[in-house]
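Working notes for the structure below.
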Amino acid sequence: MEKPIIDPVSSKTSEEALDFVRKMQKRFPKTPRTKKELAAVEKYLAKFTDAELKAVGRRVLSDLMQRPPRTIDPDDFPPAPIEKGMKPKAYPAGKRAAAARPRSARRRTKRS
Amino acid sequence: MSYDSVRMKEQLRILDQSIDQFIDRHDAITTVAALLGLNPARQTLFLFPGGMASKLTRATKAWKATGPASQVFKYKEVWGNVLSLLGGEARNLKMHRTPSGRLRDKGKRIIIANGVANLLGVTPYFGFITWCSFKQIDWFIVPWDWRRSVDDVGTFFIDHFLPRFQARVQAKCNADPLADHSLIGHSAGGMVVNWILRNIDPLPGTLRKAITVAAPFYGYGTQLHRWFEGDELVNGDFTEEIIKTLSSFPGCYSWHFLPKDFYDANRPDFLSDLPYRLASYPSVDFATDIPVDTYNPQPPGERYPAQTQSGFDPGELEKAEILFHALTSPLSPTQAAKFVNIRGDTTANNTLHTTKWKLVPPLSPSPITDGSVAPGDGTQPAWTTRDIGLAKQVPVNVITVSGGLAAHAIIMNSPQAIAEIAAVLGIP
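If you read the protein sequences in the order shown, they are chains S and P. When we follow the numbering used here, the leftmost residue of the first sequence carries the number 484, and every step to the right adds one. When we follow the numbering used here, the leftmost residue of the second sequence carries the number 893, and every step to the right adds one.
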């Protein structure tokens, strides 16, 4: 049973697409140029369904602008750095009350 | 005739085929409208694809300095299909500068842009173009050489392409295709649009809008990796040569993170962009977390590879910094009124955000690591995909598209982005 599509970009993950490309690079270590070589590429690609190829194509086109070509899990990284004092995890009791008060216009952030 | 003259002439010759197709589409809409007794308002929309999304083709023979004034070549695709990923083919994209500073393609074999990439049957922008056709918008995809800097590409568009396009369409269709026109650019293509808006002089009254979609105004972290690691999808067994090739592209130097002095000077604006604030400078030292200015990294000589090692060119970095300031300079009220920035937030909070780097040498393993993630379109953090000046001048012209379909590669085809673009262009 085919796995459900959870990413609108492609049903192939970055890892799967990279694996596909690497296998092709191993199979064709020289850029195919002659009719015979190009026919060999066609034959190789014919092993896959159109849907599979398009899924790889979509993922590769997406990942070329992004590095590394792997699935990014937010849990792999710490949260984005926060400016000191802007968003502490736990305010001391005295500061909590101060934080609840409206800020002066000078400090109020503007939405752009 | 100089290399550049021949190259531009050849680029125009190849684009003529696309202009012919534009004329055919234009005529078809005119004919159908006449049959139906309609008189639709016509709009021309120029679409600049993202970086690497334009197909590049390479002349099969070398340009001859002593050759005739008019040199016409045959071309073979060098970038944009699956073969580009095999056998180190991308090495043929390498550029170099002559002693006089002129850019040359490898082996003096001219490279020009021709259409959009097609990878295993997938072409970007299909959904967007289909929508344009359905709405009877006169669209034109402007393929561009993404290896070159956006000022190079923008100058060609303004000085060479537009006059030719206008003249040819007017002659064939008896209508001015620039009477009501707009520009839209995806990703790095948005930076071309940004450059054109700021440099076309005088700013045409008939330019309705200049729209960027997911364009990295303030750079992003991936470029730094490329100078050390190449691109895993392209490298194969040729990593060192691919790094040298990527380092030879002047255009890619301006995809780099913003200069630190610019961040410092505009920090309040980066902080006030809720919920997409850039709370600190995104490039830091691996060990100390002290900011490392991408354009003036300290200590000198210990951040970037030497030019002799990898081809990394400090001269191109200097030029990119000048270009950066030009692309982020204040907008006139008229420019701002026409400028629209659309950005994506997939809400997955998994867009690579900050970069940490170690001192070099060694160059391997890569001294660059990713430090954190932030909201964005999966490729560009949301803080980079809008102009902070525009956000202050005309806040409604900064539009955020959210959800899974806002992912970088597919945002142009997303119904929400298309609806926003339709509203901006006044398309019902």
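Beta carbons are placed, not taken as given, at the ideal position from N, Cα and C, and that holds for glycine.
Where residue i falls: helix, strand or coil (DSSP)
i	result
Ile-1182(P)	coil
Ile-488(S)	Low confidence applies to Ile-488(S): its pLDDT is 49, below 50, so where it sits in the model is not reliable, and the reading given next is rough at best. Correct three-state label for Ile-488(S): coil.
Gly-1077(P)	strand
Ala-987(P)	Checking the sequence, you will find Met at residue 987(P) rather than Ala. DSSP places Met-987(P) in strand when its eight states are reduced to three.
His-918(P)	helix
Val-1008(P)	strand
Lys-495(S)	coil
Lys-998(P)	helix
Val-1085(P)	helix
Gln-1280(P)	Rather than Gln, the amino acid found at residue 1280(P) in this sequence is Ile. Helix, per DSSP.
Arg-905(P)	helix
Gly-942(P)	coil
His-1300(P)	coil
Ile-1214(P)	helix
Gly-568(S)	Only weak support exists for where Gly-568(S) lies, its pLDDT of 41 falling under 50; the coordinates are left without a value.
Arg-590(S)	With a pLDDT of only 36 at Arg-590(S), under 50, the local geometry of the prediction cannot be trusted, and the value read off the model is given with reservation. Looking at Arg-590(S) - three-state DSSP - the assignment turns out to be coil, as it is neither helix nor strand.
Ile-1003(P)	strand
Ser-595(S)	Unreliable positioning characterises Ser-595(S) in this predicted model, as indicated by a pLDDT of 38, which lies under 50. A coordinate reading is not provided.
Asp-912(P)	helix
Asp-502(S)	helix
Lys-513(S)	coil
Ala-961(P)	coil
Ala-982(P)	helix
Leu-1209(P)	helix
Met-893(P)	coil
Glu-1132(P)	helix
Asn-1241(P)	coil
Tyr-1187(P)	coil
Glu-1194(P)	coil
Gly-540(S)	helix
Tyr-574(S)	Below a pLDDT of 50, predicted positions are generally treated as unreliable, and Tyr-574(S), at 34, falls in that range; the measurement from the model is reported next regardless. The answer is coil: DSSP assigns Tyr-574(S) none of H, G, I, E or B.
Asp-556(S)	coil
Pro-1253(P)	coil
Gly-1046(P)	helix
Ile-1092(P)	coil
Gly-1318(P)	coil
Phe-1204(P)	coil
Whole-number beta carbon distance between residue j and residue i, since they are thought to touch under 8 Å
i	j	result
Thr-1246(P)	Phe-1109(P)	17 Å between Cβ atoms; not a contact.
Tyr-1187(P)	Glu-1213(P)	5 Å
Tyr-1112(P)	Pro-941(P)	In fact, because the Cβ distance is near 18 Å, the residues do not count as touching under 8 Å.
Lys-947(P)	Gly-972(P)	3 Å
Asp-853(P)	Pro-512(S)	Since the first and last residues shown for chain P are 893 and 1320, residue 853(P) lies out of range.
Ile-1313(P)	Ile-1103(P)	7 Å
Leu-547(S)	Leu-1125(P)	6 Å
Ser-1041(P)	Leu-1215(P)	6 Å
Trp-1249(P)	Asp-1177(P)	7 Å
Ala-1315(P)	Asp-1237(P)	So it is not a contact: roughly 19 Å between Cβ atoms.
Leu-1099(P)	Asp-1123(P)	Rounded, the Cβ-Cβ distance is 35 Å, inconsistent with contact.
Ala-1107(P)	His-1300(P)	Rounded, the Cβ-Cβ distance is 11 Å, inconsistent with contact.
Arg-1039(P)	Leu-985(P)	6 Å
Tyr-1173(P)	Pro-1267(P)	No, Tyr-1173(P) and Pro-1267(P) are not in contact; Cβ-Cβ is about 18 Å, not under 8 Å.
Ile-921(P)	Gln-1028(P)	5 Å
Gly-540(S)	Val-1014(P)	3 Å
Asn-1006(P)	Ile-915(P)	Contact doesn't hold; Cβ gap of about 18 Å is too wide.
Ile-1033(P)	Leu-939(P)	5 Å
Paired residues, beta bridge with residue i - DSSP
i	result
Leu-937(P)	Trp-1031(P) and Ser-1074(P)
Asn-1233(P)	Thr-1104(P) and Val-1290(P)
Trp-1275(P)	Per DSSP, none; premise fails for Trp-1275(P).
Tyr-967(P)	Ala-951(P)
Ser-1264(P)	Thr-1246(P)
Leu-1099(P)	His-1073(P)
Val-1014(P)	Leu-1011(P)
Closer than 6 Å: residue i CB and nearest the ligand FAD heavy atom
i	result
Gly-1082(P)	In the structure shown, the ligand FAD is absent, as is every other ligand, since no ligand is present at all.
Cβ of residue i within 7 Å of any chain A Cβ
i	result
Ile-1033(P)	Among the protein chains of the structure shown, namely S and P, there is no chain A.
For the stretch 523-555 of chain S, which residues have a CB atom closer than 8 Å to at least one CB atom of chain P, in sequence order?
Along the stretch 523-555 of chain S, going in chain order, the ones with a CB nearer than 8 Å to a CB of chain P are Val-524, Leu-528, Asp-533, Leu-536, Lys-537, Val-539, Gly-540, Arg-541, Val-543, Leu-544, Ser-545, Asp-546, Leu-547, Met-548, Gln-549, Arg-550, Pro-551, Pro-552 and Ile-555.
Closer than 8 Å, Cβ to Cβ, to anything on chain S: give me those residues from the stretch 970-995 of chain P, in chain order.
Of all residues in the stretch 970-995 of chain P, Val-974, Leu-975, Leu-977, Leu-978, Gly-979, Gly-980 and Glu-981 have a Cβ within less than 8 Å of some Cβ in chain S.
Members of the stretch 500-516 of chain S that neighbour chain P once the beta carbon cut-off is set at 7 Å:
So the close ones are Leu-501, Val-504, Met-507, Gln-508, Phe-511, Pro-512, Lys-513, Thr-514 and Pro-515.
Contact list for the stretch 1118-1131 of chain P against chain S, Cβ threshold 9 Å:
Cβ contacts with chain S come from Arg-1118, Glu-1121, Asp-1123, Glu-1124, Leu-1125, Val-1126, Asn-1127, Gly-1128 and Asp-1129.
According to a CB-to-CB cut-off of less than 8 Å, which residues of the stretch 1231-1249 of chain P neighbour chain S?
So the list reads Ala-1240, Asn-1241, Asn-1242, Thr-1243, Leu-1244, His-1245 and Thr-1246, given in the order they occur along the chain.
Which runs of the beta strand (DSSP E) at least 3 residues long sit entirely within the stretch 1145-1185 of chain P? Give them in chain order.
Fully enclosed beta strand (DSSP E) runs of no fewer than 3 residues occupy 1175-1177 of the stretch 1145-1185 of chain P, in order along the chain.
Residues of the stretch 1135-1151 of chain P in Cβ contact with chain S at a cutoff of 7 Å, in chain order, please.
Listed by position along the chain: nothing, the set is empty.
Relative to chain S, which residues along the stretch 995-1028 of chain P have a C-beta separation below 7 Å, given in chain order?
Listed by position along the chain: Ala-1009, Leu-1011, Leu-1012, Gly-1013, Val-1014 and Pro-1016.
Anything in the stretch 1079-1104 of chain P with a Cβ closer than 9 Å to a Cβ of chain S? List those residues in chain order, please.
Residues of the stretch 1079-1104 of chain P whose Cβ lies closer than 9 Å to any Cβ of chain S, in chain order: Ser-1079 and Ala-1080.
Could you list the residues in the stretch 1279-1312 of chain P with a C-beta less than 8 Å from some C-beta on chain S, going in chain order?
Within the stretch 1279-1312 of chain P, the qualifying residues are Ile-1280, Ala-1283, Lys-1284, Pro-1287, Val-1290, Gly-1296, Leu-1297, Ala-1299, His-1300, Ala-1301 and Ile-1302.
If you measure beta-carbon to beta-carbon, which residues of the stretch 1259-1278 of chain P are closer than 8 Å to chain S?
Answer in chain order: Asp-1262, Gly-1263, Ser-1264, Val-1265, Ala-1266, Gly-1270, Thr-1271 and Arg-1278.
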